[in-house]
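The block underneath contains the structure these notes are about, expressed in structure tokens.
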RNA sequence: GCGCCUGUAGCUUAAUGGAUAGAGCACUUGACUACGGAUCAAGAGGUUGCAGGUUCGAGUCCUGCCAGGCGCGCCA
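Residue numbers (the numbering used here): 4 to 579.
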């Protein structure tokens, strides 16, 4: 049930050790996929110089010490010294059967770590934009995958619920009335509320003065002010939850850990850093200066932890998250799924935490960088510079175009069924678009790309799964009750089987590298292999033994597709 | 100026230092009396920004250029 490379790896190591000495056992035998065989071993080329023999001769010696009769039908040395291994169909079939008998589909369980994962992090009283969409979708896929691998994932939605804008927002809420239609915008169109507040702030000096006073009252813990603030946050939660629910994201109110949560810890953090000599006053602000962080004209770059007016910035709050996650959540590893431009800031926060002894070297802190989403002008898409793209509207567009597709393709389905499929497919397309490219790459936002339903898209994978289900439905069979031997009779079945066997290795790699796009790439090629199989290998019309084997392959494909899609956060509709 | 990131087919992109750089979209051709055509089979499309270097082997590592982006003290 392991991938062929995982099975071969120790065997190759042993052969190399037998041929050239035990010291080589721990070296990477360099197994790679190959266009000439099923697995290619490249160790001989690297070993050549070390053992003082030409690469082909090294390869030949490795092969001589290798007994793969049960596994491989062909092992030969090729080119400058590649070892090409062709697997036996019987062995592939056995591996597929073993995988089908494994509830984890060949994905090894890892020693469970406690991993707080910081993602999504929208701001109160602001529209979520496509940048938030990306960190939300990628973070959620990582959370699901790490959980499946056996880790204890602790979701941390670090919402922006504190800071100077809240004076303005609270005053504006008072002006329009807490139960007014204007206030209702917080749940439906938060940007409209924010911008109206902003306009009042800029146009009306008295209002601006009141807003500033309100910030002071908020920070002083004034009861009425806190009540109003809570109202803003609660309204925004409604908005976030509508988006999350529409997206099918696993975040709940229980995962909220916004900036305000750390408010009480901030003075202590400053005090501790200052008395430890890590932070010093500079130009009126309390700053941490770190070795190796220099900016303009070689001047050291500060991490400002207390502003000259006595207020705190996000550096201090982020330090508090480190302390909280290490001490209270008992993290083994810290994971931040946030924008790439924050890389320097995060590096400084972590270095400060390490210097202060808050973040031991044994606990890695990892920044899964989310690349900028650009507008058609190749500039970062900013909510304030025009492009008032509303996320909810984008999601509704996606559902609507999926609905149009279904209405055209499946007029035979009843209204309720079509209404159920549309969100799964439309939202799946949007999420897959964000997941299928490397998370740190920038991309130009393209609505058409997000809504696309053909090609390397979520709907293609969902469609493949639906076609498997259709086979079982028309035969009146339950895919979960499929038993019997697997036989590899054609190259198409062989290719499908080999694809299936890679699932465990791919999921493991996604967890190790924190790169969901690798799962997308894998599932797409699996779906392609199944589509070819579907065209070329009739299942239900085949002779009983072949039929059973093909049902088996189909059922396993379905399980892998559904499981893989679920790890990405995509649904798998029964029909579409 | 300093630091970080990016540059792959017309477009969107993949690739643990491994053989002929792999897909999708768009384009061309073919396959529906179908286990479901949101599909499949095939074709065309590349000096991986440029120039050196390291290596048996470089899209990948190093150096220098070119182009673009981001960051570089009190917004978060």
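We treat Cβ as the ideally placed atom computed from N, Cα and C, and that holds for glycine. All of these numbers come straight from a predicted model, not from anything done at the bench.
Rounded straight-line distance, which links the Cα of residue j to that of residue i
i, j, result
"residue 386", "residue 135", "Its pLDDT being 45, under 50, residue 386 is placed unreliably in this model, and the value from its coordinates should be taken loosely. Between residue 386 and residue 135, the C-alpha separation is close to 11 Å."
"residue 99", "residue 65", "28 Å"
"residue 371", "residue 513", "12 Å"
"residue 480", "residue 555", "12 Å"
"residue 416", "residue 567", "27 Å"
"residue 496", "residue 536", "6 Å"
"residue 50", "residue 309", "56 Å"
"residue 523", "residue 41", "21 Å"
"residue 388", "residue 344", "Only weak support exists for where residue 388 lies, its pLDDT of 39 falling under 50; the value from the coordinates is given anyway. Their backbone Cα atoms lie some 18 Å apart in a straight line."
"residue 290", "residue 269", "14 Å"
"residue 24", "residue 9", "22 Å"
"residue 175", "residue 187", "13 Å"
"residue 472", "residue 247", "28 Å"
"residue 521", "residue 241", "33 Å"
"residue 300", "residue 251", "48 Å"
"residue 390", "residue 208", "Residue confidence is low: residue 390 scores 48 on pLDDT, short of 50, so the model does not pin down where it sits. Its coordinate-derived value is still stated next. If you take the alpha carbons of residue 390 and residue 208, they lie about 29 Å apart."
"residue 342", "residue 375", "7 Å"
"residue 369", "residue 297", "22 Å"
"residue 140", "residue 19", "44 Å"
"residue 611", "residue 410", "Summary: the structure shown does not reach residue 611, with the chain confined to residues 4 through 579, and so no result is reported for it."
"residue 228", "residue 167", "13 Å"
"residue 337", "residue 515", "14 Å"
"residue 198", "residue 315", "24 Å"
"residue 500", "residue 527", "15 Å"
"residue 483", "residue 475", "10 Å"
Residue i and residue j closer than 8 Å at C-beta
i, j, result
"residue 170", "residue 218", "yes"
"residue 120", "residue 59", "no"
"residue 525", "residue 505", "yes"
"residue 332", "residue 408", "no"
"residue 478", "residue 543", "yes"
"residue 624", "residue 61", "Outside the shown range of the chain (4 to 579) lies residue 624, about which nothing can therefore be said."
"residue 364", "residue 441", "no"
"residue 306", "residue 231", "no"
"residue 127", "residue 235", "yes"
"residue 469", "residue 533", "no"
"residue 200", "residue 172", "yes"
"residue 358", "residue 281", "yes"
"residue 14", "residue 34", "no"
"residue 571", "residue 438", "yes"
"residue 340", "residue 122", "yes"
For residue i, the nearest candidate out of the options (CA to CA)
i, options, result
"residue 360", "338, 342, 326 and 345", "326"
"residue 285", "312, 262 and 495", "312"
"residue 43", "469, 439, 81 and 55", "81"
"residue 397", "25, 275, 539 and 432", "432"
"residue 154", "145, 197, 208 and 344", "145"
"residue 490", "458, 553, 439 and 182", "553"
"residue 403", "363, 444 and 454", "454"
"residue 319", "296, 517, 351 and 422", "351"
"residue 108", "128, 200, 502 and 547", "502"
"residue 28", "46, 37, 35 and 36", "46"
"residue 222", "263, 235 and 213", "263"
"residue 488", "114, 213, 303 and 92", "92"
"residue 165", "260, 515 and 182", "260"
"residue 448", "117, 56 and 137", "137"
"residue 394", "533, 37, 245 and 13", "245"
"residue 540", "492, 12, 216 and 30", "492"
"residue 599", "32, 357, 76 and 203", "This structure does not reach residue 599, given that the chain is present from 4 up to 579, and the question cannot be answered."
"residue 412", "578, 34 and 13", "578"
"residue 401", "452, 362, 550 and 443", "452"
Rounded distance between the beta-carbons of residue j and residue i, thought under 8 Å
i, j, result
"residue 335", "residue 366", "6 Å"
"residue 130", "residue 194", "4 Å"
"residue 143", "residue 253", "6 Å"
"residue 125", "residue 162", "6 Å"
"residue 529", "residue 102", "In fact, because the Cβ distance is near 13 Å, the residues do not count as touching under 8 Å."
"residue 573", "residue 435", "6 Å"
"residue 507", "residue 6", "6 Å"
"residue 355", "residue 322", "6 Å"
"residue 239", "residue 293", "Not confirmed; about 35 Å, so no contact."
"residue 78", "residue 69", "6 Å"
"residue 510", "residue 151", "7 Å"
"residue 196", "residue 213", "In fact, because the Cβ distance is near 17 Å, the residues do not count as touching under 8 Å."
heavy atom of the ligand MN below 7 Å from residue i C-beta
i, result
"residue 7", "Looking at this structure, you won't find the ligand MN or any other ligand, since it has none at all."
- Counting pairs of Cβ atoms below 8 Å between the region 422-430 and the region 459-469, do you hit three or more? Touching, per the Cβ criterion.
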